[in-house]
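Numbering (full-length UniProt numbering), first residue to last: 1 to 184. Just so you know, even glycine gets a beta-carbon here, dropped at the ideal spot from N, CA and C. Every value quoted in this text rests on a predicted model; they were computed, and no experiment measured them.
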Amino acid sequence: MEELDLIVESVKHDMEAAIKHLDHAFQRIRAGRASTNMVQDVMVEYYGAPTPLNQVANVSVPDAMTISIQPWDRTAINAIEKAIINSNLGFAPSNNGENIILNVPPLTEDRRRELAKQAKGETEDTKIVVRTARQNGIKELKKLEGVSEDAIKGVEEEIQALTDKHVKLCDDHLKTKEAEIMKV
1 MEELDLIVES VKHDMEAAIK HLDHAFQRIR AGRASTNMVQ DVMVEYYGAP TPLNQVANVS
61 VPDAMTISIQ PWDRTAINAI EKAIINSNLG FAPSNNGENI ILNVPPLTED RRRELAKQAK
121 GETEDTKIVV RTARQNGIKE LKKLEGVSED AIKGVEEEIQ ALTDKHVKLC DDHLKTKEAE
181 IMKV
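Listed below in structure tokens is the structure:
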């Protein structure tokens, strides 16, 4: 019975990790307001090593349409600008010698639809991961020997219930994100 519990816990852990990944992916999809999350994955070539932006500069949001980046080392300004341009975020950085300013343009209707489609794609990818976790769990169950068919059937139903719950969570997260994106 302990083996069955381990399989269920493993499946549950994988599904929860998929939901966390979805949340992280949604943070990168902007919804019209400036956020430090938009640049959190930017890697800056700093003294020959790729370094996260937040480790070479202070990133802040002075207002709803602006991201301000203040490097701790002024010599890194050009490297930071280059990293932002290369990250394909769609921002045109401007600097005044001390700070880099990113103006977040308001979203057009087409861009909002494109972002909603991107969010839907992320959701579908997460659902695939959830279903794969279910399949892996069931495969592990089939490998077990000396366990009654009734016990295996019960655990399969438990895994299916977990799958249904996490797929519904994905859909709920998508509805929330789509509403946020489409809100003008």
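Residue i - DSSP class collapsed to helix/strand/coil
{"i": "D150", "result": "helix"}
{"i": "V44", "result": "strand"}
{"i": "L144", "result": "coil"}
{"i": "D172", "result": "helix"}
{"i": "L107", "result": "coil"}
{"i": "L60", "result": "It should be pointed out that residue 60 corresponds to Ser in this sequence rather than to Leu. DSSP places S60 in strand when its eight states are reduced to three."}
{"i": "A34", "result": "coil"}
{"i": "residue 185", "result": "In the structure displayed, the chain extends from 1 to 184; residue 185 sits before or after that span and is not available."}
Residue from the options with nearest C-alpha to residue i
{"i": "E124", "options": "K175, V147, P105", "result": "K175"}
{"i": "M138", "options": "N86, E157, C170", "result": "Note on identity: in this sequence residue 138 is Ile, with Met being the wrong assignment. Of the candidates N86, E157, C170, the one whose C-alpha sits nearest the C-alpha of I138 is E157."}
{"i": "V11", "options": "K183, I181, D171, D164", "result": "D164"}
{"i": "T126", "options": "A18, E140, D5, L4", "result": "A18"}
{"i": "K177", "options": "D5, F26, L4", "result": "F26"}
Burial state of residue i (16 or more Cβ within 10 Å)
{"i": "H173", "result": "buried"}
{"i": "T108", "result": "exposed"}
{"i": "Y47", "result": "exposed"}
8 angstroms contact criterion, which residue i and residue j should meet: CB distance rounded
{"i": "V147", "j": "I7", "result": "10 angstroms between Cβ atoms; not a contact."}
{"i": "S87", "j": "V42", "result": "5 angstroms"}
{"i": "T51", "j": "V44", "result": "5 angstroms"}
{"i": "L22", "j": "V39", "result": "Contact doesn't hold; Cβ gap of about 20 angstroms is too wide."}
Legend entry - contact_flag[the region 87-96, the region 57-64] where n(CB pairs < 8 angstroms) is 3 or more: no
Inset, instruction - Check whether the region 79-87 touches the region 113-121, counting contact only when three or more Cβ pairs, one atom from each stretch, lie closer than 8 angstroms. - result: no
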